[in-house]
Amino acid sequence: IGVAMLAFGSEEQAQMPVKLYSRHPDKDDPPSKKSFLSERKKLRQEREKQRTGGWDEYPQVEQNPIFSGKCTIPRREYLSVEEFESQFRSKGLPVIVKTSLANSETYAALTKAALLQHYGDVLISIDQSGNYGRGGNTGLTGSVKELINEVMPFRRKDNTPLDIFAFDSKEGKFLDECDKAKGHHPFSNYRAEPLVAAVPQFNQSRPRLIIGGPTTGTPFHEHSLTFNHLFYGKKFWHLYGPGKLTNYGYNPGLSHLAWLKTTFPRLKEQEQPLACVQTPGELLYLPDGWSHATVNLGETVSIAILGKSASPGSATELFIQSFALTRGELSNSAGVRQGIAMLEQAHQLDPTNAHIMSEIANAFAILGEADRVEEWYDRAIQANPQVCLFYKNLASFFLTMDRVDQALEVLVQTDNVPHVREDMACEIPELVEALQHRLTEEVGKSKLKTTRKFLARVRKEWDDATRRFYQTIQTNKQTLKGGT
163 IGVAMLAFGS EEQAQMPVKL YSRHPDKDDP PSKKSFLSER KKLRQEREKQ
213 RTGGWDEYPQ VEQNPIFSGK CTIPRREYLS VEEFESQFRS KGLPVIVKTS
263 LANSETYAAL TKAALLQHYG DVLISIDQSG NYGRGGNTGL TGSVKELINE
313 VMPFRRKDNT PLDIFAFDSK EGKFLDECDK AKGHHPFSNY RAEPLVAAVP
363 QFNQSRPRLI IGGPTTGTPF HEHSLTFNHL FYGKKFWHLY GPGKLTNYGY
413 NPGLSHLAWL KTTFPRLKEQ EQPLACVQTP GELLYLPDGW SHATVNLGET
463 VSIAILGKSA SPGSATELFI QSFALTRGEL SNSAGVRQGI AMLEQAHQLD
513 PTNAHIMSEI ANAFAILGEA DRVEEWYDRA IQANPQVCLF YKNLASFFLT
563 MDRVDQALEV LVQTDNVPHV REDMACEIPE LVEALQHRLT EEVGKSKLKT
613 TRKFLARVRK EWDDATRRFY QTIQTNKQTL KGGT
């Protein structure tokens, strides 16, 4: 018991004596069976709080067959720095490993009671699962107290939780707010694992606090190398390595839980991503460019430590560096072509990454090379048919080239992809209005009426989806009574 309490509480707590039951000071008789069982129940509850940090578990979520399968991500009880470097980091492979440092003070600071007591009034960024896949756009913030006491316990009429979680900014704004208000933050005494300290890209990286309720999480996305340290709860992971994504794709505007219901059942066994349930006290290493998605199986508390830069020569590094040449204010024709060369090299390293393909298409659009734009957007759509922006950007490009018929054909393609036009980041009305203004006799009299009806339907579907979206946001804002 003392060891367990030391791992999840303070050393002072670990040294406290354990009382199985209380004797009445005026009576020598042993307690009744009822009082004994009552005291034992209290003791078990107290031990359970120490194990879980007071965060609620949801066995009914964990028992889903998808989450209870075999772990296919490499997992180790212990890894030396040398073993980590030679077996995983140098080969660009992920791994889950047990943490070697106790970090007892940090565990104690991240219990539900401690966060409420010390940081309850501090604001933290709050988002919806699907929005994270496209950078987040709800603009919600709320205090830790509101998140824990009001948002996470909230249930809709169908008894499902809100699709909302807290994820600190890359700059660690929550930690800064804690320092301003309290003079300290939950990670003031956190010691990074030797594996983290050994990687140069993590020098000066700040931990980003993540607090999520059951079934929340992030859709597939990728970035530079990352460590994720889970303190409390259980987190389900799906991983695809570079070049391994299937052409079923994923919608960055939907949660991973939605993907599991709609896309995952269509995959053959060899097409399925690596999967594992991360448990408390485990560290997950993700190399550059690995697409990953998560589902919290209960209330979870973790940190993400993101590399300050991508690994040299990786597709992620080439992708990021190309922006200065293709998107920068000083970009010119020669620079854009140099950026395209870098992106094509990134594509060779990660040939199934549709976002690299779309970025190549965007670069050729700057040069006005229509055939290459069409080629690369077609390839991006084939690689991931669930991204609305690919269709919108290609149709918009056709409009700039006065190719109205082809722009319409691209929009019609989205009829075959469920929910793709509901992505708020896509802003479909802009395209619909542009097409409505360009409908002329060149479309053909017989097609004109049908086309107008189609555009009207697309616009109505968008308006309905937008209304539902903002009703959800409004519900969340009302739940976050004291937040922004």
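Counted from 1, the sequence shown has number 277 at position 115 by the numbering used here; the numbering is strictly sequential. C-beta atoms are modelled at their ideal positions from N, C-alpha and C, and glycine is treated no differently.
Here the C-alpha atom of I465 lies approximately 42 angstroms from the C-alpha atom of V574.
Listed in chain order, the alpha helix (DSSP H) runs fully inside the segment 341-393 are 356-359, counting runs of at least 4 residues.
The C-alpha of E433 lies about 28 angstroms from the C-alpha of A587. For I326, DSSP records a beta bridge to Q290. DSSP lists S453 as the bridge partner or partners of Y402. In the structure shown, the three-state DSSP call for R614 is helix. Taking 8 angstroms as the cut-off, the Cβ atoms of I502 and I522 count as close.
The Cβ atoms of R541 and M519 lie closer than 8 angstroms to each other. Annotation note: the segment 422-466 contains the following uninterrupted beta strand (DSSP E) runs of length 3 or greater, listed N- to C-terminal: 436-440, 444-448, 453-458. The beta carbons of G254 and L285 sit about 37 angstroms from each other, so the pair does not count as a contact at 8 angstroms. Straight-line measurement puts the Cα of Y220 at about 17 angstroms from the Cα of L392. Under a 10 Å Cβ-count criterion, T234 is classified as exposed, with fewer than 16 other Cβ atoms of the shown protein chains found around its own Cβ.
Shown here, S252 sits in coil according to DSSP, grouped into three states, outside any helix or strand.
For V498, there is no enclosing beta strand (DSSP E); the enclosing alpha helix (DSSP H) has its first and last residue at 495-511. Where T303 is concerned, the enclosing beta strand (DSSP E) starts and stops at 302-305.
A residue is called buried once 16 or more other Cβ atoms fall within 10 Å of its Cβ, and P435 is buried on that count. Here the alpha carbons of L459 and P381 stand approximately 15 angstroms from one another. A Cβ-Cβ separation of about 14 angstroms leaves Y281 out of contact with P369 under the 8 angstroms criterion. Taking a C-beta distance under 8 angstroms as the contact criterion, N515 and A477 qualify as a contact pair.
When Q290, S331, S350, N311 are compared, the shortest CA-CA separation from L324 is found for Q290. Contact between P362 and V243 is ruled out by a C-beta separation of about 13 angstroms, above the 8 angstroms threshold. S230 sits exposed, since fewer than 16 C-beta atoms from the chains shown fall within 10 Å of its C-beta. Looking at the DSSP output, L468 bridges to T388.
Taking the CA atoms as reference points, L337 sits about 8 angstroms from D330.
DSSP lists R237, L446 as the bridge partner or partners of I258.
Taking a contact to require three or more Cβ pairs closer than 8 angstroms, the segment 467-486 and the segment 504-512 qualify as touching.
When secondary structure is reduced to three states using DSSP, R317 falls in the strand class.
In this chain, the alpha helix (DSSP H) harbouring W538 covers 532-545.
DSSP places C550 inside the alpha helix (DSSP H), whose first and last residues are 550-562.
DSSP places K335 in the helix class (H, G or I) of the three-state scheme. Beta bridge pairing from DSSP links K397 with Q440, N458.
A contact is defined here as three or more CB-CB pairs under 8 angstroms, and the segment 553-560 fails this definition with respect to the segment 414-430. In this structure, the alpha-carbon of E384 lies about 5 angstroms from that of S453.
In the assembly as shown, D512 is a buried residue. Its beta-carbon has 16 or more other beta-carbons within 10 Å. Looking only at A359, R629, L278, the smallest Cα-Cα distance to K344 is reached by L278.
Where A477 is concerned, the enclosing alpha helix (DSSP H) starts and stops at 477-488.
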